Amino acid sequence: MKKEISFNTEFNRFLWSSILIALSACLGNVVDSIIVGNLIGEDGVSAINLSKPITQFMFTISMLLSTGAGMLVGMELGKKDYGRASYIFTLSTICCLAFGLLQTVTGLFFTDDITGWLCTNQQLFGATRDYLFPLMIGAPTYMMAWALATMVGVDGSPRLVSIAILIDNAVNLCCDIIFIQWFGWGIEGSSTATVIGHIVGIAFMCWHFRYPDHHLGMVFGNGKAWAALKAMVSQGAPLALASISLTALLFCANSIVLSTMGRVGIFAFSVCMNILYIYNLFLSGTCRTVQSLGSIQVGKGDNEKFRLVISKSFRFITIAMLITCAFIWIAPEAITKFFGADEEDLIAEGVRALRIFALSFIPFCYIYTIMVVYKLYGHHKMALFISLALSLTVIPVLWMMSLAAPGYLWYSYLIAYAIEVIAIVVLHKVTHARFELKPM
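Going by this note's numbering, the first residue of the sequence shown is number 18, and it counts up by one from there.
Structure follows, in structure tokens:
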């Protein structure tokens with residue numbers, strides 16, 4: 018009984034620290050859009066959403082290099098191989114920083130070209146470009162903030178990560194008001210504030226390495242960099258592919274909605290994508306717990322506790338999603354107005370879209386969590402299929418609905434996820450996949 022209580026305490030510590038991390042990110046993104054919507058206008062909210070494929074692309078590379086590495090580090094820490102864990106941490110950090118600097122150089126020379134690719138509406142082009150430029154220049158801060166959050170959390174300081182990210186977003190939101198309202202920088206001030214917030218958050222997370230009981234450090238000269246990099250990429254590939262698919266979906270969905278429903282549609286879609294952050298609050302917290310605490314149990318070969326992690330995680334996310342969905346159904350008009358909408362057509366379309374998307378995001382959260390479970394159980398092909406289909410299924414459905422039934426365009430996500438759930442069940446039975454830990 019004592020061990021069970023101890024494990025429950027450990028699970029809750031990981032879960033609620035992860036929830037706090039996701040809550041801070043959720044508040045940062047959602048409140049950021051609310052501030053922009055009220056201080057700049059509805060077009061500012063749309064510009065932020067049109068820029069999201071670039072942010073999502075950077076997040077994808079972070080998933081590939083740091084989330085995959087975080088799983089490996091967790092396994093090595095479970096085996097008490099601290100030297101190997103530190104080497105993987107070092108390689109992941111260097112790769113993330115290098116990619117961030119590459120994005121900075123790209124932003125210096127090609128921001129206008131990238132904006133033209135993301136936004137075909139001339140009314141929204143200027144705001145999108147102004148938001149995008151500081152975002153790309155500050156890309157290293159995005160990469161390092163995400164990478165350190167993963168590594169410091171798995172190294173035993175999830176609470177420090179949650180505090181650092183809370184401070185990160187508090188600085189971001191304060192600077193939002195200062196830069197937009199006082200300095201008159203417009204929407205450019207919003208993305209600049211985000212970069213400054215990340216710098217402060219990174220500084221706080223680095224404090225972890227001053228603790229005497231930390232296990233990770235910078236280790237060079239191992240001589241097995243290529244093998245370690247391949248292992249990192251392989252472990253993070255399903256999550257990264259899911260993120261790549263989501264990047265493609267964001268780009269395609271923005272283009273389809275903008276061409277089909279115009280300015281009104283893209284604003285309603287932007288509000289829905291911001292509400293997705295609330296679902297992601299619980300999804301991210303759950304998946305971080307499964308990845309971090311679950312990978313440690315995998316390293317130990319403890320199938321019983323790993324199953325306990327999964328069952329507790331699914332129970333939590335189910336309750337959280339139902340409460341969120343109920344809240345959105347009760348107050349869709351108030352939510353739309355929070356983002357600065359004051360025109361009747363914008364409010365009406367926002368209400369209609371929110372109620373449909375509130376239901377659509379529930380299967381999305383389940384599918385994403387199941388993908389993580391398949392990966393940790395060693396069912397790599399199933400995890401790979403889910404990661405690709407998670408978003409790519411939506412694109413053809415969205416396109417067909419825009420042509421055949423544009424009035425029902427918002428149902429595309431719900432239809433696509435229902436199709437994918439059926440495909441997962443069929444493939445699981447056909448492949449006879451078993452949920453048992455494989456020997457490491």
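Cβ coordinates follow ideal geometry from the N, Cα and C atoms, glycine included. Being a predicted model, the structure only gives us computed values, none of them experimental.
1. Are the Cβ atoms of G253 and T84 separated by less than 8 Å?
2. Note down the Cα distance separating E437 from L119, rounded to an integer number of angstroms.
3. Can you look up N297 in the DSSP assignment and give me helix, strand or coil?
4. Counting pairs of Cβ atoms below 8 Å between the stretch 433-447 and the stretch 286-294, do you hit three or more?
5. Could you tell me whether the stretch 364-375 touches the stretch 225-238, using the rule of 3 or more Cβ pairs below 8 Å?
6. Comparing alpha-carbon positions, which option in S208, R176, N186 and P175 lies nearest Y148?
7. Give the single residue among H232, M278 and A162 whose Cα lies nearest to the Cα of F221.
8. Grab the span of the alpha helix (DSSP H) containing T84 for me, first residue to last.
9. Can you grab the Cα-Cα spacing for the pair C192 / F200, in whole Å?
10. Leaving out five residues before and five after A270 in sequence, what residues of the same chain have Cβ atoms less than 8 Å from its Cβ?
11. Helix, strand or coil: how does DSSP classify H396 here?
12. Where do the N-terminal and C-terminal ends of the alpha helix (DSSP H) with I197 fall, by residue?
13. I believe G133 touches I182 by the beta-carbon criterion, under 8 Å. Please report the beta-carbon distance rounded to the nearest angstrom.
14. Grab the span of the alpha helix (DSSP H) containing P413 for me, first residue to last.
15. Measure the alpha-carbon distance for K543 versus G203 and round it to whole angstroms.
16. What number of angstroms, rounded off, separates the C-alpha of P70 from the C-alpha of A115?
17. Would you say L393 touches the ligand FMN, meaning its beta carbon is less than 7 Å from a heavy atom?
18. Of all the options L420, G234 and I180, which has the alpha carbon lying nearest to the alpha carbon of D98?
19. What are the start and end residues of each continuous beta strand (DSSP E) run of 3 or more residues lying completely inside the stretch 223-289, in chain order?
20. With C-beta atoms as the reference, is I65 less than 8 Å away from S50?
21. Throw me the rounded Cβ distance for the V188 and I213 pair, which I believe falls under 8 Å.
22. Just curious, the alpha helix (DSSP H) that E360 is in, first and last residue?
23. If you count every other CB in all the chains shown that lies within 10 Å of the CB of N29, and 16 or more means buried, which is it?
24. Does the distance from the C-beta atom of I273 to that of S408 stay below 8 Å?
25. Considering only C-alpha positions, which residue in the set N55, M399, M388 and E360 is nearest to N301?
26. Under DSSP, the alpha helix (DSSP H) around D98 begins and ends at which residues?
27. Alpha carbon to alpha carbon, how far is V368 from L426?
28. Roughly how far, in whole angstroms, is the beta-carbon of T121 from the beta-carbon of M153, given that I think they are within contact range, below 8 Å?
29. M88 to W224, Cα distance in whole Å?
30. Near Q140, what residues of its chain come up, given a Cβ to Cβ distance below 8 Å and the 5 sequence neighbours on each side ignored?
31. So the candidates are F74, T353, G155 and C136; which of them puts its Cα closest to the Cα of S276?
32. Counting along the chain, where does the alpha helix (DSSP H) carrying C342 start and finish?
33. Nearest-angstrom Cα distance between M457 and V326?
In short:
1. Here residue 253 is taken as the residue at index 236 of the sequence shown, counted from 1. Here residue 84 is taken as the residue at index 67 of the sequence shown, counted from 1. In this structure, G253 sits near T84, with a CB-CB distance shorter than 8 Å.
2. Walking along the sequence shown from the start, residue 437 turns up at place 420. Walking along the sequence shown from the start, residue 119 turns up at place 102. For E437 and L119, the distance between alpha carbons rounds to 35 Å.
3. Against the sequence shown, residue 297 aligns to sequence position 280. Residue state, collapsed to three classes: helix.
4. Short answer: they don't touch.
5. Not touching, per the Cβ criterion.
6. In the sequence shown, the residue the question calls residue 148 occupies position 131. Comparing alpha carbon positions, the residue from S208, R176, N186 and P175 closest to Y148 is S208.
7. Your numbering for residue 221 matches position 204 in the sequence shown. Checked all of H232, M278 and A162; the closest Cα to F221 is A162.
8. Looking up residue 84 in the sequence shown gives position 67. The continuous stretches of alpha helix (DSSP H) do not include T84, and DSSP gives it neither H nor E.
9. Taking the first residue of the sequence shown as 1, we reach residue 192 at position 175. Taking the first residue of the sequence shown as 1, we reach residue 200 at position 183. Approximately 10 Å, taken between the alpha carbons.
10. For the purposes of this step, residue 270 is taken as the residue at position 253 of the sequence shown. Closer than 8 Å at the Cβ level, and outside the excluded window around A270, lie F286, V411, I412 and L415.
11. Your numbering for residue 396 matches position 379 in the sequence shown. It is coil, neither helix nor strand.
12. Your numbering for residue 197 matches position 180 in the sequence shown. Where I197 is concerned, there is no enclosing alpha helix (DSSP H), given that its DSSP letter is neither H nor E.
13. Looking up residue 133 in the sequence shown gives position 116. Looking up residue 182 in the sequence shown gives position 165. Between G133 and I182 a beta carbon distance of about 33 Å is seen, past the 8 Å cut, so the two are scored as non-contacting.
14. Sequence index remark: in the sequence shown, residue 413 carries index 396 (1-based). Its alpha helix (DSSP H) spans residues V411 to A421.
15. In the structure as shown, the chain starts at 18 and stops at 457, and residue 543 therefore has no counterpart that could be examined.
16. Along the sequence shown, read from residue 1 onward, the residue named residue 70 stands at position 53. Along the sequence shown, read from residue 1 onward, the residue named residue 115 stands at position 98. Distance between the alpha carbons of P70 and A115: 20 Å.
17. Among the components of this structure there are no ligands whatsoever, and the ligand FMN is therefore not found.
18. In the sequence shown, the residue the question calls residue 98 occupies position 81. Comparing Cα positions, the closest option is G234.
19. With a minimum length of 3 residues, no continuous beta strand (DSSP E) run stays inside the stretch 223-289.
20. In the sequence shown, the residue the question calls residue 65 occupies position 48. In the sequence shown, the residue the question calls residue 50 occupies position 33. Contact: yes.
21. The residue you call residue 188 lines up with position 171 of the sequence shown. The residue you call residue 213 lines up with position 196 of the sequence shown. Sure, about 6 Å apart at Cβ, within 8 Å.
22. Translated into the one-based positions of the sequence shown, residue 360 becomes position 343. Taken as a continuous stretch (DSSP letters only), E360 belongs to no alpha helix (DSSP H), as it is neither H nor E.
23. Here residue 29 corresponds to residue number 12 of the sequence shown, with the count starting at 1. The residue is exposed, with fewer than 16 neighbouring Cβ atoms inside 10 Å.
24. On the sequence shown, position 256 is the one that residue 273 refers to. On the sequence shown, position 391 is the one that residue 408 refers to. Cβ atoms of I273 and S408: not closer than 8 Å.
25. By one-based count along the sequence shown, residue 301 stands at place 284. Checking the displayed sequence, the identity of residue 301 turns out to be Ser instead of Asn. Checked all of N55, M399, M388 and E360; the closest Cα to S301 is M388.
26. Residue mapping note: residue 98 aligns to position 81 of the sequence shown, counting from 1. Careful: D98 lies outside any alpha helix (DSSP H) and carries neither H nor E.
27. Residue numbering aside, residue 368 sits at position 351 when the sequence shown is read from its first letter. Residue numbering aside, residue 426 sits at position 409 when the sequence shown is read from its first letter. Here the alpha carbon of V368 sits roughly 14 Å from the alpha carbon of L426.
28. To locate residue 121, count along the sequence shown from 1; it is residue 104. To locate residue 153, count along the sequence shown from 1; it is residue 136. Between M153 and T121 the Cβ distance is about 7 Å, and since that is below 8 Å, they are a contact.
29. Indexing the sequence shown from 1 puts residue 88 at position 71. Indexing the sequence shown from 1 puts residue 224 at position 207. Cα-Cα distance, rounded: 22 Å.
30. If you number the sequence shown from 1, residue 140 lands on position 123. Closer than 8 Å at the Cβ level, and outside the excluded window around Q140, lie D60 and R280.
31. Taking the first residue of the sequence shown as 1, we reach residue 276 at position 259. For the set F74, T353, G155 and C136, the Cα lying nearest the Cα of S276 is the one of C136.
32. As a first step, residue 342 is located in the sequence shown; it is residue number 325 there, counting from the start. Counted as a single uninterrupted DSSP element, the alpha helix (DSSP H) harbouring C342 occupies residues N320 to I347.
33. Taking the first residue of the sequence shown as position 1, residue 457 is located at position 440. Taking the first residue of the sequence shown as position 1, residue 326 is located at position 309. The pLDDT assigned to M457 is 43, lower than 50, so where the model puts this residue is not dependable, and the model offers no usable value.
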